[in-house]
Structure formats: C-alpha cells, structure tokens
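Participant: The sequence shown lines up with residues 23 to 344 when you count with the numbering used here. The beta carbon of each residue, even a glycine, is placed where N, CA and C say it ideally should be. This is the structure, below, for whatever I ask next.
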Amino acid sequence: MCRDDCRCLSMNYIHNNDRDNCELNDVNEQMKPAALKYKPGASYYDLIREYTNDHGTSFVLGRDHCINRCCWPNPCSNGGSCEEICDPTTVRFHCTCPANYTGQRCEKIVRSCKGLATNGAKLSGMYRVYDSQNKSFQVYCDFDSEVGHVWTLMQSYSFGNNSHFDTKNFGVDFPVNQDAGAIKWVAYRLSLSRMLSIANVSTHLRATCNFQDDGLVYTDYARAKLEGHNLFGTFKGTCRMYELVNIRGIECRDCTALTRQTQDKMWYINSYSTSKGCTFNGSEGSVQQEQNFGRYAYSNPEFRCTSNLNSTTQHWIGSKLP
C-alpha cells in the first residue's frame, strides 16, 4: 500500500479487463507537474498526508518537530543519514549521502560532477568520481559559473601549446596531466576512458576561452546538447545544432554552426562561412578559413581563445540541474 511505503507519494490506478493495476510513484503532481499525462483507463491519486504535533494539534512546518517514522529503520544506503520530512507536498524523508554516493537513498555511486552537486557540493574545484568499473579518478568540477548547469573539464590548453593538441580529436586517447592534483590550464586532458565515463552520464558540451582568468564569459562561447554531435567520432564539415554560439560577439541561439572533427584534426567550429547551409554566420570580422574552439590552423587574434600565446581553450561536458 502507498500509505505504508515511505517512498510512495502518489499512485496510478489502471483499469484493465483482466486485472486492475496499481502503480506507486515516488513523486507527485506538485513536484513534477510536467510528468502527469492523460492516459485512457487510468486514474491518478495523491497521497493525502496530515500530521499532528506532540500536543495532538495540526503540525506546523518549521515550528514543530517532525516524526513520521520513515527513518525507522534507516532507508538510506551506504552509510547515509536519514531526516524525516512532514511537508505534505514533497518527499517523506531525505537522505544525506556520503561523498561518494548519490540518489534518493544513496544507492548510486557518484560518476560525475552532477552527482556531487546533488550531494550538496557547491565549491568549484578538484573532486573524485568513479568510472563504470568503480575506479576513482580526479576531475575539475564547475558548479557555479552557469546557473542551472554543472560542468566537468575535459580539456584545457594554451594557444602556445596548440601544436600538441591540434591533431588529437576527442576519440583519441591522449591524457595530459590528468593526475597532476591541480589543473594545468595550459596543458590538460582526460584520457578517453574517463571522458567516455563522464559523457555517458552527461547531456551537454561547452567550449570556453580563458576560463581560469576570466571565469565564464559569453563572448566566444558555445554550448550544445551532446545528442547528435558524435563527439568521439569523426565527421567532415557538418551543421551541428547549438543552444548558444558566440564568436567575436556574433551570437545565435538554437541554431546550427559548421563543425568539424576528422581523423587527424581536433574538434572545431568554422565561423567564416555559411556555405554548407548552417545558420550561424560569423563572417563579419573573420579571417579566411577561421577555426574556433580548436585546431587553429587559421586563427584570429580577435577571438579570445587565440588573442595571444597565453590564451586558453576549454572543453567541458556536463548536465543541466533538475
């Protein structure tokens, strides 16, 4: 019964000719209104919860001490601590998880910066996450530069070090200073296996310039969904969809930009041309064959990643926060 299961907040009753079915839900309409969909032959019910205090009167959130027995016994796994919650609009208990675990009941091992953020991590810096074989490794997490997103740094290098990176597409295993303990912004890259491990639990790609000095600047910036980008494959110039592209102050949103990554060439955007039919047009102020966010066989000093030899380029993979 939903009433007796502290994970249950609502239920669906599905009328069936052979057998009626009851589905228990760990969310309700107030928590995720977009998840409530009409289905013929089904009815949705919220679990109505009323709490009283020690004096037998109605429980007042924020004033009275909550006791709903949902932490008896402790439902949190892997050493997590349980807090009972008497708010009728949300969950009935909350697990505070150890650093290496996440999930509603601390049942999931942390595999990305998003998992760390879910556990409450807020300060950007070096953290440990786990791959699919449950082996730990260090990553740099950016929790606070972009509201609603969490990012893991895949690669960072200076324009002066471009010759070491310009032929290494993301499908090449080319770790650089990944276990150094602190990020070397002028020369850093995760191994292919580590990038794939994080990409498997991520949804977005981001490219930035001079992040270590300037923080997040939306001039010379790109962000896209990983889906459809074939980030670890190879492809000639094709129009890829981006949520946001800004190159030298020229900007478009929810548009396509000419993107390339070949066997011997690093991932990059061509801003100089729309000849392939892409919607982003960065031709104004460009140089012939200009390459942005990588490769840099043709570079423009007006682009922040290539303004001087100390300028840096960063590539990130991450996710939106719920």
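Please state if the CB of residue 316 and the CB of residue 290 are separated by a distance shorter than 8 Å.
Facilitator: yes
Participant: In whole angstroms, what is the alpha-carbon distance linking residue 140 and residue 260?
Facilitator: 36 Å
Participant: Given a cut-off of 8 Å, decide if residue 221 and residue 148 are closer than it, judged by their beta-carbon atoms.
Facilitator: no
Participant: In this structure, how does DSSP classify residue 130 when only helix, strand and coil are distinguished?
Facilitator: In the displayed model, residue 130 falls within a strand according to three-state DSSP.
Participant: How many whole angstroms separate the CB atoms of residue 165 and residue 144, which I take to be in contact at a CB cut-off of 8 Å?
Facilitator: Right, the Cβ-Cβ distance comes to about 6 Å (below 8 Å), so this counts as a contact.
Participant: When DSSP builds the beta bridges, which residues end up paired with residue 240?
Facilitator: DSSP lists no partner for residue 240.
Participant: In angstroms, rounded to a whole number, what distance separates the CA positions of residue 213 and residue 156?
Facilitator: 16 Å
Participant: Between the alpha carbons of residue 99 and residue 118, how many angstroms are there, rounded?
Facilitator: Approximately 10 Å, taken between the alpha carbons.
Participant: Just to check my reading of the structure: residue 328 and residue 318 have Cβ atoms closer than 8 Å, yes? What is that Cβ distance to the nearest angstrom?
Facilitator: 6 Å
Participant: Among 192, 34, 72, 175, which has the Cα closest to the Cα of residue 58?
Facilitator: 34
Participant: Candidates 135, 87, 71: which alpha carbon is nearest residue 121's?
Facilitator: 135
Participant: How long is the line joining the alpha carbons of residue 161 and residue 197, rounded to whole angstroms?
Facilitator: 13 Å
Participant: Rounded C-beta distance between residue 283 and residue 178? I'm assuming under 8 Å.
Facilitator: Rounded, the Cβ-Cβ distance is 18 Å, inconsistent with contact.
Participant: For residue 320, collect the residues of the same chain with a Cβ closer than 7 Å to its Cβ; drop the 5 residues on either side in sequence, then sort them by chain order.
Facilitator: 309, 310, 311, 312, 313
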